[in-house]
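Residue 164 in our numbering sits at position 146 of the sequence shown; the count goes up by one each step and never skips.
Just so you know, even glycine gets a beta-carbon here, dropped at the ideal spot from N, CA and C.
Report on the structure given below.
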Amino acid sequence: MLEPSSPRYAIYYTPAPEHPLTVTARAWLGRDAFTGGSPTASAGLADTGTNSARRALTTAASCYGFHATLKAPFRLKEGCSVEKLERALRAFVTDWPSCPIGSLKVDMLGGFFALAPVSPIPTLHGFASCIVEEFDRFRAPLSPGEFQRRLCGPLDDIETTHLVRWGYPYVFDRFRFHMPLTDRVPVESQADVKKELNAVFGQLLSEDYSVDTLSLFVQEHPRANFVVRSQFALRTRTLLKEAV
Numbered sequence: 019m020l021e022p023s024s025p026r027y028a029i030y031y032t033p034a035p036e037h038p039l040t041v042t043a044r045a046w047l048g049r050d051a052f053t054g055g056s057p058t059a060s061a062g063l064a065d066t067g068t069n070s071a072r073r074a075l076t077t078a079a080s081c082y083g084f085h086a087t088l089k090a091p092f093r094l095k096e097g098c099s100v101e102k103l104e105r106a107l108r109a110f111v112t113d114w115p116s117c118p119i120g121s122l123k124v125d126m127l128g129g130f131f132a133l134a135p136v137s138p139i140p141t142l143h144g145f146a147s148c149i150v151e152e153f154d155r156f157r158a159p160l161s162p163g164e165f166q167r168r169l170c171g172p173l174d175d176i177e178t179t180h181l182v183r184w185g186y187p188y189v190f191d192r193f194r195f196h197m198p199l200t201d202r203v204p205v206e207s208q209a210d211v212k213k214e215l216n217a218v219f220g221q222l223l224s225e226d227y228s229v230d231t232l233s234l235f236v237q238e239h240p241r242a243n244f245v246v247r248s249q250f251a252l253r254t255r256t257l258l259k260e261a262v
């Protein structure tokens with residue numbers, strides 16, 4: 019059975035393109051999610067043999083771009099347009115203030131490294147849950163192939179139930195805010211990679227972060243990278259990035 023070729027959309031958090039964390043992350047990942055292109059060498063990440071080895075650890079993470087998932091990638095259901103989705107996002111952000119994250123740390127989740135809050139933030143879980151519920155009306159069901167690929171992961175009964183109902187297993191009680199920086203890292207390399215990540219990102223982690231924007235990412239076809247289509251500031255009608 020052929021896989022769907024229609025675009026996928028995702029509601030992510032990512033800092034503004036000029037924020038030092040964004041600048042450093044796009045240099046680390048080797049791709050700019052705002053422009054779709056490769057960044058020039060910066061943030062002390064010259065194009066060296068070490069950098070080439072890093073690319074091998076960031077293939078999938080680079081495809082998705084620097085982000086934290088709030089509503090996982092989905093296709094639009096029949097009768098819904100991306101313009102209608104963006105109007106709903108514009109309306110949603112007027113009702114919500116920024117949501118605290120706090121300071122960050124380099125953490126490991128399921129074998130890959132990510133930036134995660136130092137302390138649990140209950141309001142962040144509630145905020146993400148509202149986004150999952152509010153925008154599920156735009157989501158088409160997973161294709162059989164997409165569903166089966168998700169089932170190949172080590173999901174428990176609750177996560178499988180979430181997958182069936184919401185199209186993604188890690189929502190509500192299983193949600194954990196994180197911003198991926200690598201793909202799965204071999205056990206023997208984990209200590210060295212974590213040391214490098216702390217060296218690259220360490221000076222940026224103590225900032226008091228917050229989810230102050232929502233970004234609509236788009237993947238135009240299954241082999242395409244995700245890019246930022248539009249970005250909205252919370253509790254305003256400000257469109258920070260317009261669809262191209």
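Residue of the options minimising C-alpha distance to residue i
i: D263; options: V246, H196, Y27, E225; result: Outside the shown range of the chain (19 to 262) lies residue 263, about which nothing can therefore be said.
i: D230; options: L39, L107, C117; result: C117
i: F219; options: I149, L122, D191; result: L122
i: K212; options: P35, L75, P33, S80; result: L75
i: S70; options: F84, A45, K89; result: A45
i: H85; options: G120, T40, F145; result: T40
i: L142; options: W114, L160, Q166; result: W114
i: Y82; options: R49, R168, E104, A209; result: R49
i: K102; options: S248, T179, R253; result: S248
Cβ pair residue i, residue j closer than 8 Å
i: F92; j: A158; result: yes
i: V100; j: Y31; result: no
i: R202; j: G129; result: yes
i: A51; j: V245; result: yes
i: F153; j: A109; result: no
i: L181; j: I29; result: no
i: G120; j: I149; result: no
i: S224; j: P22; result: no
i: A146; j: L88; result: yes
i: L222; j: P38; result: yes
Residue i - containing alpha helix (DSSP H), residue span
i: D175; result: 175-184
i: F219; result: 208-219
i: F145; result: 140-152
i: F110; result: 100-111
i: L169; result: 162-169
Distance between residue j and residue i (C-alpha atoms, nearest Å)
i: F156; j: R73; result: 34 Å
i: A217; j: R183; result: 41 Å
i: A251; j: F235; result: 15 Å
i: G54; j: N243; result: 8 Å
i: I176; j: C98; result: 29 Å
i: D65; j: L47; result: Low confidence applies to D65: its pLDDT is 49, below 50, so where it sits in the model is not reliable, and the reading given next is rough at best. Going from the Cα of D65 to the Cα of L47 covers about 12 Å.
i: S60; j: H239; result: Reliability fails at S60, whose pLDDT of 46 lies under 50, so the model's placement of it is uncertain and the value that follows must be treated cautiously. Roughly 30 Å separates the two Cα atoms.
i: V136; j: T112; result: 28 Å
i: L20; j: Y186; result: Because the pLDDT of L20 is 49, which lies under 50, any placement of that residue in the model is unreliable, and the number read from its coordinates should be weighed accordingly. The alpha-carbon atoms of L20 and Y186 are separated by roughly 21 Å.
i: G62; j: E214; result: Because the pLDDT of G62 is 48, which lies under 50, any placement of that residue in the model is unreliable, and the question is left without a value.
Residue i CB to nearest heavy atom of the ligand HEM below 7 Å
i: A86; result: This structure simply doesn't include the ligand HEM, nor any ligand for that matter.
Residue i - partner residues in DSSP beta bridges
i: C117; result: V229
i: A86; result: Y31
i: A242; result: Note: A242 sits in no beta bridge, so no partner.
i: P198; result: A132
i: A251; result: T231
i: K123; result: A134
i: V236; result: Y27, V245
Residue i: first and last residue of the uninterrupted beta strand (DSSP E) it sits in
i: L133; result: 130-135
i: R44; result: That residue, R44, is in no beta strand (DSSP E); its alpha helix (DSSP H) goes 38-47.
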